[in-house]
Amino acid sequence: LRKVIIEKIESVLTLDDIEKLRNQYLSKKGELSQQMAKMKDLPNDEKPLFGKLINEVKELVENRIISKINDLKEKELLKKLENEKIDVTIPADEISLGTIHPLNQVIEDLEDFFIGQGYEVKEGPEVESDFYNFEMMNFSKGHPARDMQDTFYITEETLLRTHTSPVQARAMLEKNGKPVKAVCPGKTYRRDEDDPTHSHQFMQFEGIVVDKGISFANLKDTLLNMTRHLFGNDREIRIRPSYFPFVEPGVEVDVVYIKPDGTKGYIEILGAGLVHPNVLRMGGYDPDVYSGFAFGIGIERIAILKYGVEDIRNFYINDIRFLQQFKGDL
Ligand code: FA5
Numbered sequence: 008l009r010k011v012i013i014e015k016i017e018s019v020l021t022l023d024d025i026e027k028l029r030n031q032y033l034s035k036k037g038e039l040s041q042q043m044a045k046m047k048d049l050p051n052d053e054k055p056l057f058g059k060l061i062n063e064v065k066e067l068v069e070n071r072i073i074s075k076i077n078d079l080k081e082k083e084l085l086k087k088l089e090n091e092k093i094d095v096t097i098p099a100d101e102i103s104l105g106t107i108h109p110l111n112q113v114i115e116d117l118e119d120f121f122i123g124q125g126y127e128v129k130e131g132p133e134v135e136s137d138f139y140n141f142e143m144m145n146f147s148k149g150h151p152a153r154d155m156q157d158t159f160y161i162t163e164e165t166l167l168r169t170h171t172s173p174v175q176a177r178a179m180l181e182k183n184g185k186p187v188k189a190v191c192p193g194k195t196y197r198r199d200e201d202d203p204t205h206s207h208q209f210m211q212f213e214g215i216v217v218d219k220g221i222s223f224a225n226l227k228d229t230l231l232n233m234t235r236h237l238f239g240n241d242r243e244i245r246i247r248p249s250y251f252p253f254v255e256p257g258v259e260v261d262v263v264y265i266k267p268d269g270t271k272g273y274i275e276i277l278g279a280g281l282v283h284p285n286v287l288r289m290g291g292y293d294p295d296v297y298s299g300f301a302f303g304i305g306i307e308r309i310a311i312l313k314y315g316v317e318d319i320r321n322f323y324i325n326d327i328r329f330l331q332q333f334k335g336d337l
């Protein structure tokens, strides 16, 4: 019997089967217990020897089963490790990474440019009050210049900001009469008809500097350095007079581009000027002591010129084939 059992144990291949064997031989009703039961029919002088023998077999079988279980467990583990082995030389599957949106690339580039000159970056709310969007910018109620910026009103007093200029007012008030030098990027909204250069939602990048002795020469220098940074030293630009209620004098900057037929075209990228005395006063500055300049750049227009994009709507339709083209600029 001992030999038979041990052979069986050795030939077992799975943990389930060894469990079955354990039941078959060692459980209360198992074969070895049954053998033990036979002891009562034996003559008294044979009983001790028989008992001892059965117990020895039992112990042996138990030990063998335990070592077999360990054996099998180890084999299973090895097999598992073998299956999970990683071949580090196999080329990895390509992970498709996103790209930084071209408009964000322009914003990040401009932020770097201005931070390098000591500007801080500020943000303001997109749902803005009429007060900051218009009144603090010297558009009184019913001012005809409000028509220049066709507005999405939410209530009579709240609106989607039509430009990033309200952040100028917020930055000035925050400084409590101290000099300010800040840029403010963000989304803006107007009820404009969508066309290749206009979108009802677009982005602007505002700049505001207020200090003693700021002049138009500082503004011109800043704008020239910026356009050179964006488009290179040779790109022709045009600064022409313009009107905004919150600056005096006011200008607009156009960048020259070559049309498909070879003739020159101009695309307007920004409005700017010296901060109007009324705006300075409302912002907490004495206009006889302080002066300042401000500008508001159209981000899409910069991206259109930089990357040769024909239609502003491409920036907003999330066509992955369009966006993938800007990978190289990361
Ligand atoms: C303004 O919004 C002024 N706040 C700019 C300013 C700031 C002037 C500080 C003076 C001092 P304007 O409406 O021209 O100005 O818009 C500024 C720029 O935003 C434009 O030059 C243009 O590049 C861009 N822009 C305006 N409307 C749209 C539109 N619908 N879609 C795309 N870009 C637009």
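Going by our numbering, the letters in the sequence shown line up with residues 8 to 337, in that order.
Don't be surprised by glycine CBs; every beta carbon is placed ideally from N, CA and C.
Between TYR196 and PHE159, the gap from beta carbon to beta carbon is short of 8 Å. If you ignore the 5 residues before and after GLU130, its C-beta comes within less than 8 Å of the C-beta of VAL174, CYS191, PRO192, GLY193, all in its own chain and listed in chain order. The beta carbons of ARG9 and VAL64 sit about 5 Å from each other, so the pair counts as a contact at 8 Å. Inter-residue distance for GLU200 and ILE93 is about 57 Å (C-alpha atoms, whole angstroms). Excluding residues up to 5 positions away in sequence, ASN321 lie with their Cβ nearer than 6 Å to the Cβ of PHE329 in the same chain. Of the heavy atoms belonging to the ligand FA5, at least one sits nearer than 7 Å to the Cβ of ILE319. The ligand FA5 never approaches PHE212 closely enough for any of its heavy atoms to be under 7 Å from the residue's Cβ. For ARG247, the closest alpha carbon among the candidates ILE276, PRO267, ALA176 is that of ILE276. For ILE244, the uninterrupted beta strand (DSSP E) run begins and ends at 244-249, by DSSP.
Using a 10 angstroms sphere on the CB of ALA279, the tally of other CB atoms reaches 16 or more, which defines it as buried.
Under a 10 Å Cβ-count criterion, GLU115 is classified as exposed, with fewer than 16 other Cβ atoms of the shown protein chains found around its own Cβ. In the DSSP secondary-structure assignment, LYS219 is bridged to TYR297. When the Cα atoms are used, GLY290 and HIS150 turn out to be separated by approximately 20 Å.
For GLY257, the pairing in a beta bridge is given by DSSP as SER249, GLY280. Here DSSP, grouped into helix, strand and coil, assigns GLY272 to strand.
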